[in-house]
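In the numbering used here, the protein residues as written are 14 to 412.
Glycine is no exception: its CB is placed at the ideal position from the N, C-alpha and C atoms.
Every value quoted in this text rests on a predicted model; they were computed, and no experiment measured them.
The next block holds one structure in the form of structure tokens; read it before the comments.
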């Protein structure tokens, strides 16, 4: 009698615990499917699961083992059904996300390896030449702003340039975080400059665009030292870095004011192409229309010093929006975004490329169906394999 009662209590505890696990599983998978909630704990975990689907496979296999143990112990049928559902859910999303991205990658003409999607790959090639760290390109308010120079083994006199601007919500991040991309570009024969920028104090939005333009000018001024071809300068950035790459590439700074870049301007640095990894193009629209307002809006308020409540502040948001500066002189642009991006919705890419089309600027945009923000964190994900191929194709065309 006591044994039967103890077993009954154990079964109830097992069912309750399993239901909690099932609920948590559904919340995480719903977050994975939906492009929302990046600022929540479940959203952060869902980002990780979608970016590293090997984790989903491991959880699926672990669930299957628990299911086998329950079958062996002849546990309650309801308990076995719960764990069967958990197992199928994890394995199903792991496989579905990879297959869907693989199908899209095939459709855009790239060759990707499905099995490489299921790895914990945080970095790419280690092939690069010389790294010169912490070179001062600007001093402002007693602060030295630095860049890293990834030189290349190619000894040509006029070598193409990549200017790599890191992300981090305009308020964090570091130039060292984009080293995987820098090594990869370096292995393709590009001299790479990883640029940092101001991230504190008031008027951050004005400081940052001033910094990136100063970095460009510094690179041009030191072209002979590094044997650079200043007619083959390309910009790349991810997230906030993508936004700054677009804004820097589409503008020039005249008397501390941003103006659209003009082809016949003597003062402008020629930009060959811009690579935008999930960076926003319209900050005012992003503030009001995104799927993770609890995360995105405070970042924008910190960058722009306030909410866009008055016409003056709204105008500042527009001044920091790359889409405002697109004209017939804008550089060819390629953009990449995941349709499960919880931070920058795909509309930010769509409206930019519509504007580029209107101005007859060569542009391409790619939308990966099962990828989240910062999907290139998994270097060998299907999406990032395809991204690298399309970037190389794009750069070869313009360099």
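CA-to-CA distance, residue 115 to residue 387, given in whole angstroms: 18 Å
The stretch 59-70 / the stretch 376-392 touching (three or more Cβ pairs under 8 Å): yes
### Task
Give me the Cα-Cα distance between residue 227 and residue 220, rounded to the nearest whole angstrom.
10 Å
Given this structure, state the Cα-to-Cα distance separating residue 16 from residue 88, to the nearest angstrom. Low per-residue confidence applies at residue 16: pLDDT is 44, beneath 50, and the placement is therefore not dependable, though the value from the model is reported in the following sentence. So the alpha carbons of these two residues sit roughly 15 Å apart.
* Asked: Could you give the residue range of the alpha helix (DSSP H) that holds residue 272?
  -> Run containing residue 272: none in the alpha helix (DSSP H); it sits in the beta strand (DSSP E), 270-273.
Under a Cβ-count criterion, where at least 16 other Cβ atoms within 10 Å of its own Cβ denotes burial, should residue 392 be classed as buried or exposed?
buried
Exercise. In chain order, which beta strand (DSSP E) runs of at least 3 residues are fully inside the stretch 165-220?
Worked result: 172-178 and 204-208
- Query: So the beta strand (DSSP E) residue 267 belongs to, where does it begin and stop?
  - Reply: 264-267
- Boundaries (first-last residue) of the beta strand (DSSP E) holding residue 156: 156-163
>> Which complete alpha helix (DSSP H) runs does the stretch 232-262 hold, if anything under 4 residues is left out?
In response: 236-239
- Message: Which of the three DSSP states is assigned to residue 15 in this structure?
- Response: With a pLDDT of only 48 at residue 15, under the threshold of 50, the placement of this residue in the model should not be trusted; the figure read from the coordinates follows. Note: residue 15 maps to helix in three-state DSSP.
Could you tell me if residue 338 is buried or exposed, where buried requires 16 or more neighbouring beta carbons within 10 angstroms of its beta carbon? buried
Item to complete: Check the C-beta distance from residue 335 over to residue 365 and give it rounded, since I have them as a contact under 8 Å.
Response: 7 Å
Fill in: 3-residue-minimum beta strand (DSSP E) runs that sit fully inside the stretch 346-401, ordered along the chain
346-351 and 376-381
Requested in this report: For residue 297, collect the residues of the same chain with a Cβ closer than 8 Å to its Cβ; drop the 5 residues on either side in sequence, then sort them by chain order.
Outcome: 321, 327, 330, 331 and 334
query: Just checking my contact of residue 299 with residue 361 at CB under 8 Å: how many whole Å lie between their CB atoms?
result: 6 Å
- Message: Nearest by alpha-carbon distance to residue 355: which of 394, 307, 396 and 319 is it?
- Response: 307
Per-residue burial, residue 272 [other beta carbons within 10 Å of its own, 16 or more giving buried]: exposed
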